[in-house]
Amino acid sequence: MLNYPDTYELVLQEELPDIHSTGYLFRHKKSGARVAVVLNDDENKVFHITFRTTPVNSKGTPHIMEHSVLCGSRKYPSKDPFVELVKGSLNTFLNAMTYSDKTMYPIASCNDQDFKNLMDVYLDAVFYPNIYKREEIFLQEGWHYELKSPEEELIYNGVVYNEMKGAFSSPEDILDRKILNSLFPDSTYGVESGGDPSCIPELSYEEFLDFHRTYYHPSNSYIYIYGNVDMQERLEYLDREYLSAFDAIEVPSEIILPEKFEEMHTELGKYSISTADSEEDNTYLSFNAAIGSSLDVRQANAYAVIEYVLLSAPGAPLKQALLDAGLGKDISGSYDSGTLQPVFSITSKYANAADKDRFVEVIRTELERIVEEGLDRKSLMAGINSSEFRFREADFGTFPKGLMYGIDMMDTWLYDDHCPFDYLKQLAVFDFLKKQVGTGYYEELIRTGLLNNPHTSLVVIEPEKGLNDRMEEELAKKLAAYKESLTAEEKQALVEKTENLHSFQETPSTKEELETIPMLKREDIGKEAYTFSNLEEQAEGTTLVRHDYVTNGVCYLDLLFDMKYVPAEYIPYAGLLKSVLGFIDTENYKYGELFSEINIETGGIYANAQVIQDHKNEDTYRTLFGIRTKALAEKMPFAFSMIEEILLRSRLEDTRRLYEIVSEQKSTLQERLCAAGHQTAVGRALAYTSEAYGYSDALSGIGYYKFIEDLEAHFEERKEELVKKLKFLMGLLFRQDTMLVSVTSEEEAYTSVKNLALELKKKLETKEAELPVLHMVLGQKNEGFLTAGQVQFVARTGNYRKAGLPYTGALRILKVALSYDYLWINIRVKGGAYGCMSGFGVMGASYFASYRDPNLGATNEVYEGVTDYVKNFHVDERDMTKYVIGTISEIDTPLTARSKGLRSMTAWLSHTTQEEVQKERDEILSATEKDIQKLAPYMEAILKTGSLCALGGEERIKKEKELFGEIKPLIGSEGC
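Numbered as in my numbering, the sequence shown ends at 993 without a single skipped number.
Written out as structure tokens, the structure is:
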């Protein structure tokens with residue numbers, strides 16, 4: 018008998034066997050709220066409340082609202098309950114996200130009381146935020162005029178404003194926005210929900226409040242509860258505490274799509290590049306089609322497979338046709354069903370605007386040929402099987418699977434109240450798609466969706482040197498003129514408003530306000546540390562390590578090859594080799610055929626490389642080149658046959674293919690290094706003084722990027738040398754005396770895998786090799802890397818171990834305290850940066866970093882103040898407990914079997930013992946404020962190193978050049 022409160026109407030009940038769950042859809046009678054419950058035995062419980070938010074302009078109101086409602090509410094009036102929850106809950110996920118047509122507030126926790134606490138804070142935040150009482154919240158999170166004195170420069174500041182300045186510096190982000198704008202003019206998808214920095218300052222406080230009044234109502238909400246929960250109790254709670262206070266209303270949030278196009282639209286745009294970069298071969302071309310409806314799950318999955326076959330798989334025909342025609346150096350595709358009408362995109366990077374018509378012509382010609390001749394059947398099956406493997410495995414890393422299911426559900430539920438569970442029922446869809454192979458089904462979808470569909474667009478994003486700096490100059494002139502137009506009284510009013518905001522930011526929440534936020538006790542935390550599973554075996558001179566976890570019949574294999582014989586000059590070539598193996602022809606397969614064969618039978622085969630520091634000796638580290646695969650146990654013989662094909666029979670002489678891979682690497686690295694600028698800066702700064710990080714820099718950091726950039730520019734004269742070096746490198750890596758085997762599986766599967774690994778070993782290199790002497794430290798460079806961005810990423814690094822200080826678990830607590838107290842208040846809240854973080858490694862490597870930061874020197878000054886903050890660290894027992902809980906939350910994130918296996922192997926490689934992990938946990942659980950104060954010498958030692966690295970706008974870095982030993986372009990021909 019199903020029990021649920023009579024305040025709800027049961028709309029739908031459905032078994033969801035694909036995810037071992039039962040789904041229920043309710044409608045709250047009084048408020049009109051939609052509530053979906055997915056019940057199962059998963060202890061990692063998930064909740065989200067989502068609102069359909071459909072902006073009509075690009076002022077960023079949905080995004081600013083997402084930030085602002087989490088800055089205090091009716092029950093929880095402290096200034097930043099979100100931060101207090103991060104510091105003091107056992108959450109496994111806690112965030113908020115703004116999309117083009119919805120705003121989502123998700124939380125997750127394995128602890129039942131914690132889950133309830135998080136739900137209540139979030140629900141109170143969205144329905145009863147303090148934005149109506151404190152305009153300062155809007156000014157801080159959105160935008161404000163900042164004038165510190167009548168004589169100083171007038172500027173804009175605000176967290177979202179600065180975040181979006183960073184986003185609008187990225188050509189990929191600009192392209193994504195232009196694609197939606199071009200296909201859906203005069204609709205919610207035709208504006209920027211995150212906010213265009215040029216439009217954000219047009220948003221008024223009253224318009225901001227009206228947005229909340231309009232959209233943040235239960236009638237416009239989608240509430241999701243997942244996991245092993247008491248459904249009746251949660252539904253009663255929702256009704257009693259929140260929903261019963263509201264009456265159902267009509268909310269004007271319907272998504273109205275534009276009229277279907279009669280012909281392709283063309284949209285032009287610009288993006289900024291640094292003065293060192295070239296405008297030639299640097300344009301983005303993108304052909305895009307709006308296709309069908311995300312409510313058609315079969316068709317959405319089919320187009321995802323088509324995108325894989327045409328563009329994503331190595332050797333994909335449409336990708337290859339564009340490359341062969343010289344229309345760019347990096348071709349990619351995407352299919353996005355996260356909007357009411359999905360979008361299929363074909364994008365070329367490093368192209369030229371003059372080729373835009375030929376770009377479309379080649380696409381049409383190649384698609385017509387493919388429709389006529391038919392898609393490759395094996396490639397189709399590989400695409401379907403790859404998607405099915407991922408769906409069945411449900412391995413989302415550290416993200417709870419219930420969270421990902423909840424996000425997927427919105428692809429139908431947001432657009433049809435009665436279809437919440439369609440994307441959770443995929444296995445029958447995959448069966449259907451397999452049956453369509455060879456029937457003409459996919460070819461017909463290409464014909465109707467891509468060839469005969471007039472609702473398409475061509476987006477051209479051209480580079481312009483110094484564009485962002487010019488825009489900044491124009492903005493400065495505009496603000497200076499505005500300031501000049503003000504009377505003395507008006508200027509003083511702006512100064513006072515700035516002072517009032519700073520006073521609001523500097524005034525801490527009261528003890529009473531903070532104590533309203535529910536939290537657990539230290540006794541609620543388990544005292545036992547997580548355990549490792551490393552079952553070591555020696556067989557025929559080879560070490561095998563099995564990680565004994567329940568994997569439901571899947572084997573996760575890592576063949577690890579010690580890189581000890583690789584000389585320094587070959588390390589970047591090892592970085593490149595990761596992207597070559599499996600993506601180039603072998604003796605028996607074209608590389609596209611190889612990829613399809615692998616993906617039909619397995620979850621993929623990929624190469625990787627890692628640097629592992631020895632926790633017993635701070636000057637020692639291991640470097641390993643890995644071949645990674647996952648497959649059902651019965652498919653492992655096939656997986657090994659493919660690994661053998663890749664390691665022993667790859668045709669490295671194909672220089673044309675090598676050039677394509679190098680060009681793609683350059684593109685990928687440019688995007689990654691700039692998008693994760695904080696990580697880029699931290700890694701580079703640590704390389705100044707660390708052998709291990711110097712190696713990492715050459716393998717995958719800025720040093721590696723500069724190698725790839727130079728190789729791409731001089732490929733013709735270096736291609737023969739490249740082939741020789743890659744072949745020589747293969748002989749140094751894949752040797753009988755370098756192989757180590759890591760397997761995560763149940764015991765039954767292990768023996769077969771062991772025998773297969775030992776058979777492979779017999780075929781590996783045995784010639785003698787010399788051990789090189791490596792000197793990987795870069796030296797104290799203190800570099801400022803010039804980018805075309807409008808914001809900075811600022812990193813300071815050092816090593817406390819070099820001052821003779823030992824690791825302690827208290828450092829993990831300090832990381833939480835700094836990241837969500839001292840750094841948060843000074844860099845994010847006051848400084849306006851989007852993010853700030855810190856970290857303290859077991860072997861001493863430590864950092865402070867900022868993300869999308871409008872400042873540079875001022876941020877470095879904040880870092881300089883860390884030692885005093887730690888010396889004077891004073892909190893009461895409640896706050897100390899909060900920091901302890903927040904620290905344990907990060908450590909206790911639930912992991913999949915695969916992730917547990919990786920963690921165990923990393924511990925084995927680094928010589929981390931169970932006793933050390935338990936000691937760290939004990940130190941965290943027993944920590945007091947005095948333990949934090951004792952870390953002041955650690956901070957002093959880190960900062961004394963003086964290592965500073967920043968990525969940022971040319972004008973800002975050159976303006977503060979005294980901070981740096983060297984200033985150079987990140988992207989461009991100048992070496993480093």
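A virtual CB, placed ideally from N, CA and C, is assigned to each residue, including glycine.
Rounded distance between the beta-carbons of residue j and residue i, thought under 8 Å
{"i": "M922", "j": "D671", "result": "Between D671 and M922 the Cβ distance is about 33 Å, and since that is not below 8 Å, they are no contact."}
{"i": "D994", "j": "N128", "result": "Residue 994 cannot be examined here, being either before or after the span of the chain that is shown, 18 to 993."}
{"i": "T814", "j": "S964", "result": "4 Å"}
{"i": "Y712", "j": "L795", "result": "Y712 to L795, Cβ: 11 Å. No contact."}
{"i": "F376", "j": "I308", "result": "With 8 Å as the limit, F376 and I308 do not qualify as a contact, their Cβ atoms being about 19 Å apart."}
Where residue i falls: helix, strand or coil (DSSP)
{"i": "F110", "result": "strand"}
{"i": "E614", "result": "helix"}
{"i": "P202", "result": "coil"}
{"i": "T1044", "result": "Given a span of 18 to 993 for the chain in the structure shown, any question on residue 1044 remains unanswerable."}
{"i": "M897", "result": "helix"}
{"i": "I266", "result": "coil"}
{"i": "I273", "result": "coil"}
{"i": "Q807", "result": "coil"}
{"i": "K778", "result": "helix"}
{"i": "G982", "result": "coil"}
{"i": "V794", "result": "coil"}
{"i": "Y352", "result": "strand"}
{"i": "A766", "result": "helix"}
{"i": "H435", "result": "coil"}
{"i": "N470", "result": "coil"}
{"i": "C993", "result": "Residue confidence is low: C993 scores 37 on pLDDT, short of 50, so the model does not pin down where it sits. No coordinate-derived value is stated."}
{"i": "R645", "result": "strand"}
{"i": "Y955", "result": "helix"}
{"i": "E158", "result": "helix"}
Strand pairing of residue i, partner residues [DSSP]
{"i": "V52", "result": "F43, I240"}
{"i": "E553", "result": "V562"}
{"i": "Y25", "result": "H45"}
{"i": "I363", "result": "F304, G350"}
{"i": "K195", "result": "K195 is not bridged to any residue."}
{"i": "Y93", "result": "Note: Y93 sits in no beta bridge, so no partner."}
{"i": "M756", "result": "F578"}
Local Cβ density within 10 Å of residue i, reported as buried at 16 or more and exposed below that
{"i": "Y422", "result": "buried"}
{"i": "D896", "result": "buried"}
{"i": "N843", "result": "buried"}
{"i": "E878", "result": "exposed"}
{"i": "N198", "result": "buried"}
{"i": "I124", "result": "buried"}
{"i": "H229", "result": "buried"}
{"i": "D97", "result": "buried"}
{"i": "G12", "result": "The displayed coordinates of the chain run from 18 to 993. Any statement about residue 12 would go beyond what the structure contains."}
{"i": "A498", "result": "exposed"}
{"i": "A505", "result": "exposed"}
{"i": "Y851", "result": "buried"}
{"i": "A591", "result": "buried"}
{"i": "I941", "result": "buried"}
Limits of the alpha helix (DSSP H) - the one that residue i falls within
{"i": "K133", "result": "129 to 144"}
{"i": "C691", "result": "672 to 692"}
{"i": "A624", "result": "Unbroken run through A624 is the beta strand (DSSP E), 622 to 630; no alpha helix (DSSP H)."}
{"i": "E163", "result": "Note, E163: premise wrong, no alpha helix (DSSP H); beta strand (DSSP E) at 161 to 163."}
{"i": "E881", "result": "874 to 881"}
{"i": "E284", "result": "Run containing E284: none in the alpha helix (DSSP H); it sits in the beta strand (DSSP E), 282 to 290."}
Extent of the continuous beta strand (DSSP E) run through residue i
{"i": "Y301", "result": "300 to 307"}
{"i": "T473", "result": "473 to 482"}
{"i": "H65", "result": "62 to 69"}
{"i": "L503", "result": "Careful: L503 lies outside any beta strand (DSSP E) and carries neither H nor E."}
{"i": "V11", "result": "No statement about residue 11 is possible, as the shown extent of the chain runs from 18 to 993 and does not include it."}
{"i": "N402", "result": "Element bounds for N402: not the beta strand (DSSP E) but the alpha helix (DSSP H), 394 to 410."}
Contact test: residue i Cβ vs the ligand MG heavy atom, cutoff 8 Å
{"i": "G77", "result": "As far as ligands go, the structure on display features none, and thus does not contain the ligand MG."}
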